[in-house]
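Structure record follows, encoded as structure tokens.
Numbering (this note's numbering), first residue to last: 40 to 275.
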């Protein structure tokens, strides 16, 4: 075999190995998405059409249209070590968002909530949604289509009294580790974020809030300071 023929044989092999290595690195770096994809494939079921239709309608009603096309699974049992009680949405660059609805999340409120997260990622990007949009805004926007009583204004008033010694600043709810606390404090963050975003929509109009998603950029900070006055309104 000539040297030229050997090189020709090695090229496809090198390409195959390079592609395989890239795939391993990519899906390893996006383990959260990969984990959900495996769990959904193993034990996920197709969600009822009426539930999907309601969620899509809620997003369109809030944001003007539904542009995302997420993969959606209803999962009643844990799979691949992933257990979901309510709902979770997972993201990866250039891939559809994955929504998994657990046994307590297969209802219009939770489904619509998760669909908003998928839509935010679609309108910005998986990376911008994760690193440039504060968690309180992402969750507060999703809560606009979530009518569960444990996050309404009555619950917020009760929790504000309970946590009156805790300063409530949007800056302290900007990341998942700050926002998702334990027990009632996490509920407080959800309820407050819902109230703040609702106040902004009422004051500025929904189009102004929609435009914030269009304006999300790597080089510009999210205008959280413009929302802070609504915190004072919500807690008094």
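Here a beta-carbon is modelled for each residue, glycine too, at the ideal position from N, C-alpha and C.
**Report entry** The beta strand (DSSP E) enclosing residue 112, as first and last residue numbers
**Finding:** Judged by DSSP secondary structure, residue 112 falls within the beta strand (DSSP E) whose first and last residues are 110-113.
Requested in this report: State yes or no: is the beta carbon of residue 176 nearer than 8 Å to at least one beta carbon in chain B?
Outcome: The question asks about chain B, but that chain is absent: this structure has only one protein chain.
Query - Per-residue DSSP class, three states only, for residue 254 - result: DSSP places residue 254 in coil when its eight states are reduced to three.
Query raised in the report: Are there 16 or more other CB atoms within 10 angstroms of the CB of residue 178, so buried, or fewer, so exposed?
Result: Buried.
Report task. In the DSSP assignment, find the beta strand (DSSP E) that holds residue 101 and state where it starts and stops. Result -> First-last for residue 101: 88-102, but that is the alpha helix (DSSP H), not the beta strand (DSSP E).
Report task. Please check the pair residue 158 and residue 105, which I expect to be a contact at CB under 8 Å, by giving their CB distance rounded to whole angstroms. Result -> Taking C-beta atoms under 8 Å as the contact rule, residue 158 and residue 105 qualify, at a distance of about 6 Å.
Report task. Would you check if the distance between the CB atom of residue 69 and the CB atom of residue 131 is smaller than 8 Å? Result -> The Cβ-Cβ distance between residue 69 and residue 131 falls below 8 Å.
Query raised in the report: Where DSSP assigns a beta bridge to residue 168, which residues make up the other side?
Result: Looking at the DSSP assignment, residue 168 forms no beta bridge with any residue, so it has no partner.
Requested in this report: Work out the CA separation of residue 80 and residue 134 for me, nearest whole Å.
Outcome: Per the coordinates, the alpha-carbon of residue 134 lies some 16 Å from the alpha-carbon of residue 80.
Query raised in the report: Opposite residue 249 in the DSSP bridges: which residues?
Result: Looking at the DSSP assignment, residue 249 forms no beta bridge with any residue, so it has no partner.
Query - Residue nearest to residue 75 in terms of C-alpha spacing, selected from 169, 140, 93, 95 - result: Nearest of 169, 140, 93, 95 to residue 75, Cα basis: 140.
Requested in this report: Spatial neighbours of residue 102 within its chain, please: CB distance less than 7 Å, with the 5 preceding and 5 following residues excluded, ordered by chain position.
Outcome: 158, 249, listed in sequence order.
Report task. Provide the residue span of the beta strand (DSSP E) that contains residue 127, from first to last. Result -> 126-129 is the span of the beta strand (DSSP E), which, as asked, contains residue 127.
Query raised in the report: Taking residue 144 as the reference, which of 186, 161, 175 has the closest Cα?
Result: Proximity to residue 144 across 186, 161, 175 peaks at 186, based on C-alpha coordinates.
Report task. Return the CA-CA distance between residue 89 and residue 123, expressed in angstroms with no decimal places. Result -> Inter-residue distance for residue 89 and residue 123 is about 21 Å (C-alpha atoms, whole angstroms).
Report task. Tell me, please, which residues DSSP counts as bridged to residue 272. Result -> In DSSP, residue 272 forms no bridge with anything.
Requested in this report: Return the CA-CA distance between residue 242 and residue 272, expressed in angstroms with no decimal places.
Outcome: When rounded, the distance between both Cα atoms is 12 Å.
Query raised in the report: What is the rounded straight-line gap between the Cα of residue 275 and the Cα of residue 161?
Result: Approximately 35 Å between the Cα atoms of the pair.
Query raised in the report: In chain order, what residues of the same chain have a beta carbon less than 7 Å from the beta carbon of residue 60, not counting five sequence neighbours either side?
Result: Note that residue 60 scores 49 on pLDDT, short of 50, meaning its location in the model is unreliable and no value can be drawn from it.
Query - Inter-stretch contact at 8 Å, needing at least 3 Cβ pairs: the region 191-211 / the region 229-242 - result: Touching, yes, given that three or more Cβ pairs across the two stretches are closer than 8 Å.
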